[in-house]
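If you're matching them up, the sequences are chains A, B and C in order. Quick note on the working numbering: the first sequence kicks off at 1 and runs consecutively. Quick note on the working numbering: the second sequence kicks off at 1 and runs consecutively. Quick note on the working numbering: the third sequence kicks off at 1 and runs consecutively.
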Amino acid sequence: DPDVAQRLRAAFHYTVAGLCEEVGQDTGIQFSKQAVAAITEITFKQCGSFAKDLEMFAKHAKRTTINMEDVKLLARRSNSLLRYITQKSEELAL
Amino acid sequence: VREAAARGSRQAQTEDLTQVDVEHVEKVLPQL
Amino acid sequence: EDWGLTTEEFERWNRLYKIEPGDGIKKPIMPQSHFETLGDEERQTESPAEEVHELSLTEWRLAESPFPDFLVDHSDRCRHFISIMDMIEQMRHEEGDCSYEQKIQPYFHWEDVDI
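Below, the structure written as structure tokens:
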């Protein structure tokens with residue numbers, strides 16, 4: 001349903017604007033509306049890409065449920081990101 | 001999102017600007 | 001049968017392709033990327049004595065449409081990048097109001113957002 005996708009995008013956009021504002025408060029820097037829009041679109045599409053990857057990882061492991069190990073696989077290309085995700089995973093497990 | 005915003009901020013700061021414009025996002029986009 | 005080069009192959013590589021210091025050829029490297037928001041221990045430092053040519057990811061960008069391909073078409077990641085560059089190009093000259101925001105605004109519902 002394209003309307004659902006657009007609603008999701010709008011909610012995403014709102015959240016991104018809030019996060020940019022937070023970063024801006026830390027740095028004393030503002031974000032133009034166009035910059036917020038660009039970051040929204042970058043990350044929204046990237047989430048779509050993540051979703052496809054996660055589905056493939058789970059399927060490859062013959063599972064129908066995506067789990068934390070699949071998420072860690074997403075982060076495999078960066079040691080620092082993988083470490084961060086793993087730490088979060090352990091916190092959640094606790 | 002935070003990483004993109006932080007890198008955009010860094011780029012704007014490098015140019016002595018107080019606002020992140022779409023050009024700054026463009027510049028950090030390839031590495032991001 | 002073996003992954004390593006044969007003697008003849010090695011000799012050919014050594015003669016034609018190997019880049020030696022003093023050849024006047026700079027070793028091409030990718031620009032280093034690091035995280036702003038995470039503690040990043042992945043910074044690698046090239047030896048200052050080594051001649052390197054840092055490739056530019058931005059100097060040659062004309063990315064509104066994909067370049068011709070041959071046997072392998074452009075990946076989703078590539079198409080994503082192109083679409084974002086295209087979007088940025090369209091927004092570049094906007095001042096104040098953002099067309100993206102105006103287009104998406106009618107779809108916003110407070111109940112979709114976790115306050």
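Ideal Cβ positions, reconstructed from N, Cα and C, are used throughout, including at glycine.
Taking 8 Å as the CB threshold, residue 27 of chain A lines the interface with chain B.
A:32 is the residue among A:32, A:56 and A:19 whose C-alpha sits nearest the C-alpha of residue 17 of chain B. When DSSP states are grouped into helix, strand and coil, residue 53 of chain C belongs to the strand group. According to DSSP, residue pairing for residue 20 of chain B in a beta bridge involves A:31.
A Cβ-Cβ distance of about 4 Å is found for the pair residue 31 of chain B and residue 33 of chain C, placing them in contact under the 8 Å criterion.
Nearest Cα to residue 75 of chain C within the set A:55, A:88, A:49 and A:89: A:49. Closest option to residue 93 of chain A, judged by alpha-carbon separation, among A:76, A:79, A:81 and A:68: A:68. Scanning chain A for C-beta atoms nearer than 9 Å to the C-beta of residue 19 of chain C yields nothing, as the closest lies near 27 Å away. About 6 Å separates the beta carbon of residue 101 of chain C from that of residue 37 of chain A, a gap short enough to meet the 8 Å contact definition. The Cβ of residue 74 of chain C sits no closer than 8 Å to any Cβ of chain A. Chain order gives the chain C residues near residue 6 of chain B as 36 and 37, where near means a beta carbon separation below 8 Å. Following the DSSP letters along the chain, one finds residue 29 of chain C in no alpha helix (DSSP H) but inside the beta strand (DSSP E) bounded by residues 27-29. Spatial neighbours of residue 82 of chain A in its own chain (CB-CB distance under 7 Å, excluding positions within 5 residues in sequence) are listed in chain order as 72, 75 and 76. Residue 21 of chain B counts as buried, since no fewer than 16 other beta carbons sit within 10 angstroms of its beta carbon.
Cβ contact annotation for residue 58 of chain A (same chain, cutoff 8 Å, sequence separation greater than five): 64, 65, 66, 67 and 70, in chain order. Judged by DSSP in its simplified three-state form, residue 65 of chain A adopts coil rather than helix or strand. At least 8 Å separates the beta-carbon of residue 26 of chain C from that of residue 59 of chain C. Between residue 85 of chain C and residue 55 of chain C, the gap from beta carbon to beta carbon reaches 8 Å or more.
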